[in-house]
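To start, the structure under review is shown below, and the notes come after it.
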Amino acid sequence: MTATTQPNVTKKPPLRGLLRSRPFLAFAVVALVWIVAGLTMRGFGAYGHLRYLIELSAVIGLVAAGQTLVVVAGGIDLSVGAIITVSAVGLPLFTWQADPTGLTAIAATLAMATVIGFVNGAGVAFLRVHPMIMTLAMATFLQGLLIIIAGGSAVSLENELIQWLGNARPAGIPAGVLLWLVVCAVTLAIMHATPFGARLFAIGANPVAAELSGVPVRATTIAVYGMCGFTAGLAGLLLLGMNGQGYVGIGDPYLLTSIAAVVLGGTSILGGSGTYAGTIPGAILLVTITALITVVNASPGWRSILFGALILVLLLLSGREAARR
Amino acid sequence: MSLSTNPTRDGVKALYWPVQMRRNVGVRGLFLVILAFIIAYGILFPGLFSVFGFAKFTQSWFPLALVTMAQALLMLAGGISLAIGPLVSLGAVIAATTMTQSLGVAGGAAAVALAGLLIGAATGFIVVKLRLPAIVVTLAGSFVIAGAALLILPRPGGAMPPWVSNLLAGGTPAAFGLLVLIVLGWKLYLATPLGISLYAAGENPIGAYRSGVPVDKALIAAYAISGLLCTGAGLFVAAQTGSGDPVIGQSFTLNSIAAAVLGGVGFLGGQGTMRGALAGSLLLSLMISVMFFLGFTPVAQYVAQGLIIVGAVALPQLKGLRR
Chain A
1 MTATTQPNVT
11 KKPPLRGLLR
21 SRPFLAFAVV
31 ALVWIVAGLT
41 MRGFGAYGHL
51 RYLIELSAVI
61 GLVAAGQTLV
71 VVAGGIDLSV
81 GAIITVSAVG
91 LPLFTWQADP
101 TGLTAIAATL
111 AMATVIGFVN
121 GAGVAFLRVH
131 PMIMTLAMAT
141 FLQGLLIIIA
151 GGSAVSLENE
161 LIQWLGNARP
171 AGIPAGVLLW
181 LVVCAVTLAI
191 MHATPFGARL
201 FAIGANPVAA
211 ELSGVPVRAT
221 TIAVYGMCGF
231 TAGLAGLLLL
241 GMNGQGYVGI
251 GDPYLLTSIA
261 AVVLGGTSIL
271 GGSGTYAGTI
281 PGAILLVTIT
291 ALITVVNASP
301 GWRSILFGAL
311 ILVLLLLSGR
321 EAARR
Chain B
1001 MSLSTNPTRD
1011 GVKALYWPVQ
1021 MRRNVGVRGL
1031 FLVILAFIIA
1041 YGILFPGLFS
1051 VFGFAKFTQS
1061 WFPLALVTMA
1071 QALLMLAGGI
1081 SLAIGPLVSL
1091 GAVIAATTMT
1101 QSLGVAGGAA
1111 AVALAGLLIG
1121 AATGFIVVKL
1131 RLPAIVVTLA
1141 GSFVIAGAAL
1151 LILPRPGGAM
1161 PPWVSNLLAG
1171 GTPAAFGLLV
1181 LIVLGWKLYL
1191 ATPLGISLYA
1201 AGENPIGAYR
1211 SGVPVDKALI
1221 AAYAISGLLC
1231 TGAGLFVAAQ
1241 TGSGDPVIGQ
1251 SFTLNSIAAA
1261 VLGGVGFLGG
1271 QGTMRGALAG
1281 SLLLSLMISV
1291 MFFLGFTPVA
1301 QYVAQGLIIV
1311 GAVALPQLKG
1321 LRR
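Sequences listed follow chains A and B, in order. Here the first sequence is numbered in my numbering, starting from 1 and rising by one per residue. Here the second sequence is numbered in my numbering, starting from 1001 and rising by one per residue.
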């Protein structure tokens, strides 16, 4: 463990272990890209610009936190985009005149997002619907619900706490990034230092064996989808704070990027292995790639092609499966 | 493969229909639901049983049927594609930019087919040879393909020759005829070594590999055919609308998965039948039409669609639990 913090150790095994560690590789790629881009492009390495990149990564990082937990447990959540939109559009609806702080509205929104996740989990655990279909159907369902509550128009943000979350910079660090740091710590602790985390890995590796070994598979599944709903809700609130406006479709881009961040971080999409420590640089990497492509000043078509091709190349570094023999 | 030699031929013939009936077991309930929906549709819209009404209905179903076949093919082989929608868009923009211009109709159709086959084969190659999970390769591929479609046609435009539109999307059930031909083609493909390998590779890739099944070839072929079906659906959509649109295919990715799963195709490979997948796509498209005729608002349509998909997938599972 101590060796992993000192890359210069001459003993070979720890070093090789470090080079094989996917989170470390992902961080190394981010550092490399930042250094190269900082030296070659004017303004890229400026503190303000890098801080902005991290701020944008925070939204993806929050969504991907729940997504990582779900993917490690062998599932996938395709409703995170819809949950983000529902919470960004729904917050103003929960605003209650008697509560000037707006705390109840935030609590209600997060509770709603969590309940949506619980319903996903219940569908997967009890109805035995495949997670892809359950969360897909949930996304379709929420899309209908959204048109009812928003009627297609944008809602503007009036909640002061969320405004603070989106714009304030206590001690020079954006509040959203601070929130992300807290979520990082909690997620890592849940994954690697609690029985619940161990159960996630067990279910993802082999659900039948987990069930037979006494893991409460159903309860764990419901809980993990609930967590995913909660972090998607948090991301929706942060996005609302940064944008100042919520509208239908605001969360759509975050569905695929959250999955991409998880996979770039070395978590197996098939479940059973991975860590949120890889997803963190994965999210930063995605935002960095997007920023670089924007700087290149290409047409939207080329931008999309570059983005896809770069993800594919990065996947070759981190996402390969074992050979079939 | 040696099944067609003389001594066993009679036995195979006698077995054919019982085996086919057994393969229907899982989807029988689905067929009943579809029948109910067709009756409801016929009552709401009696024109369905005229040639024109039938033609129009099958035309609205045709692209979904093709992409569902494309998705089911991959799911049977143990893969999945998140690039279905962008491929449909790509097929549509290639058709709309080439058919009335340089290449003519035949050249344009060939370009559409070639694009689908090549992109599909490339995807399959990356999945199989570089050993990356299909879901993430096609996720990244969807960005690349969507970008290519935007490069060819940055905004909706282009044109289709009017006679192509009339032929495919006019008052004749030509689309249904095409679908029958494609299904026959699938039957023939299943009779070839590569076709049989498809199920084997999906069910148990390691076992199949060790038994000498050409797993890699079967998978790459499956991806190529799937790409061809998608761009073909794009050509049809372009003929329907008379022009090309670089984002017209978006909804097909998720709908193709939903339809295939409705039809009983499993995510783990090797489970399910193409007839089930086609029935699933028919149900999805009937559902949308019936809700439209019942005057459902888009909101209610979304809500009902979500509930019906979960219900249809969950019911057989619950029945299985009780057994």
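Cβ coordinates follow ideal geometry from the N, Cα and C atoms, glycine included.
| Query | Result |
| --- | --- |
| Gln1020(B) classed as buried or exposed, judged by whether at least 16 other C-beta atoms fall within 10 angstroms | exposed |
| Host alpha helix (DSSP H) of Met242(A) (start-end) | Val217 to Asn243 |
| Beta carbon proximity, Arg128(A) to chain B, threshold 8 Å | yes |
| Neighbourhood of Thr5(A) by C-beta distance below 7 Å, restricted to the same chain and skipping five residues each side | Here the model assigns Thr5(A) a pLDDT of 44, short of 50, so the residue's position is not dependable, and the following value carries that caveat. Once the five neighbours on either side are set aside, Thr5(A) has no close Cβ partner at all. |
| Chain A contact residues for Gln1305(B), given Cβ-Cβ distances below 7 Å | Thr140 |
| Per DSSP, cross-strand counterpart(s) of Val155(A) | Gly246(A) |
| Segment contact, 8 Å Cβ cut-off, at least three pairs: the stretch 1084-1091 of chain B with the stretch 1196-1207 of chain B | no |
| Any 3 or more C-beta pairs closer than 8 Å across the stretch 1069-1082 of chain B and the stretch 1247-1267 of chain B | yes |
| Arg1155(B) versus Val296(A): straight-line alpha-carbon distance, rounded | 21 Å |
| Sufficient close CB pairs (3 or more, under 8 Å) joining the stretch 1163-1176 of chain B to the stretch 1134-1141 of chain B | no |
| Gly81(A) (DSSP reduced to helix, strand or coil) | helix |
| Between the CA atoms of Leu161(A) and Thr101(A) - distance to the nearest angstrom | 7 Å |
| 7 Å Cβ cut-off: residues of chain B touching Ile259(A) | Leu1139 |
| DSSP three-state assignment for Thr10(A), whether helix, strand or coil | Residue placement at Thr10(A) is poorly supported in this model, since its pLDDT is 44, which falls under 50; the coordinates are not used for a value here. |
| Beta-bridge partners of Gly1157(B), as assigned by DSSP | Gly1244(B) |
| Nearest residue (CA-CA) to Asn159(A), options Gly66(A), Gly301(A), Gly274(A) and Thr109(A) | Thr109(A) |
| Partners in chain B for Trp302(A), counting only beta-carbon separations shorter than 8 Å | Gly1147 and Leu1151 |
| Secondary structure of Pro281(A), DSSP reduced to three states | helix |
| Close-in-space but distant-in-sequence residues of the same chain around Tyr254(A) (CB under 6 Å, 5 per side omitted) | Val63, Gly81 and Ile84 |
| Same chain, Cβ closer than 6 Å to Ala1233(B), five either side skipped, listed in chain order | Pro1063, Leu1066, Val1067 and Val1088 |
| Chain-ordered neighbours of Val1261(B) on chain A, where CB pairs are closer than 7 Å | His130 and Ile133 |
| Residue closest to Gly1108(B), alpha-carbon to alpha-carbon, out of Ala1218(B), Val1290(B), Gly1171(B) and Phe1236(B) | Phe1236(B) |
| Secondary structure of Thr294(A), DSSP reduced to three states | helix |
| Three-state class that DSSP yields for Asp252(A) in the structure shown | coil |
| Classification of Pro1205(B) by the beta-carbon crowding that lies within 10 angstroms, buried from 16 upward | buried |
| Chain A residues whose Cβ lies nearer than 7 Å to that of Ile1302(B) | One point to set straight first is that residue 1302(B) is Tyr, not Ile, in the sequence displayed. Those are Thr140, Phe141, Gln143 and Gly144, listed as they occur along chain A. |
| Top-ranked residue by Cα proximity to Cys1230(B), from Val1215(B), Ser1142(B), Gly1270(B) and Leu1188(B) | Ser1142(B) |
| Per-residue DSSP class, three states only, for Phe44(A) | coil |
| Option in Gly1170(B), Ala1140(B) and Gly1195(B) with minimal Cα separation from Thr1123(B) | Ala1140(B) |
| Listed by chain order, chain B residues near Ala137(A) by CB distance under 7 Å | Gly1306, Ile1309 and Val1310 |
| Closer than 8 Å at the beta carbon, the chain A residues around Ile1257(B) | Met132, Ile133 and Leu136 |
| Backbone secondary structure at Pro1007(B) - three-state DSSP | Any reading at Pro1007(B) needs caution, since the residue's pLDDT is 48, under 50, leaving its predicted position unreliable; the model's value is listed next. Three-state result, Pro1007(B): helix. |
| Outcome for Ser1211(B) when other beta-carbon atoms lying within 10 angstroms are tallied against a minimum of 16 | exposed |
| Secondary structure of Pro1133(B), DSSP reduced to three states | coil |
| 4-residue-minimum alpha helix (DSSP H) runs that sit fully inside the stretch 46-131 of chain A, ordered along the chain | 47-72, 80-94 and 103-125 |
| With 16 other Cβ atoms within 10 Å as the buried cut-off, status of His192(A) | exposed |
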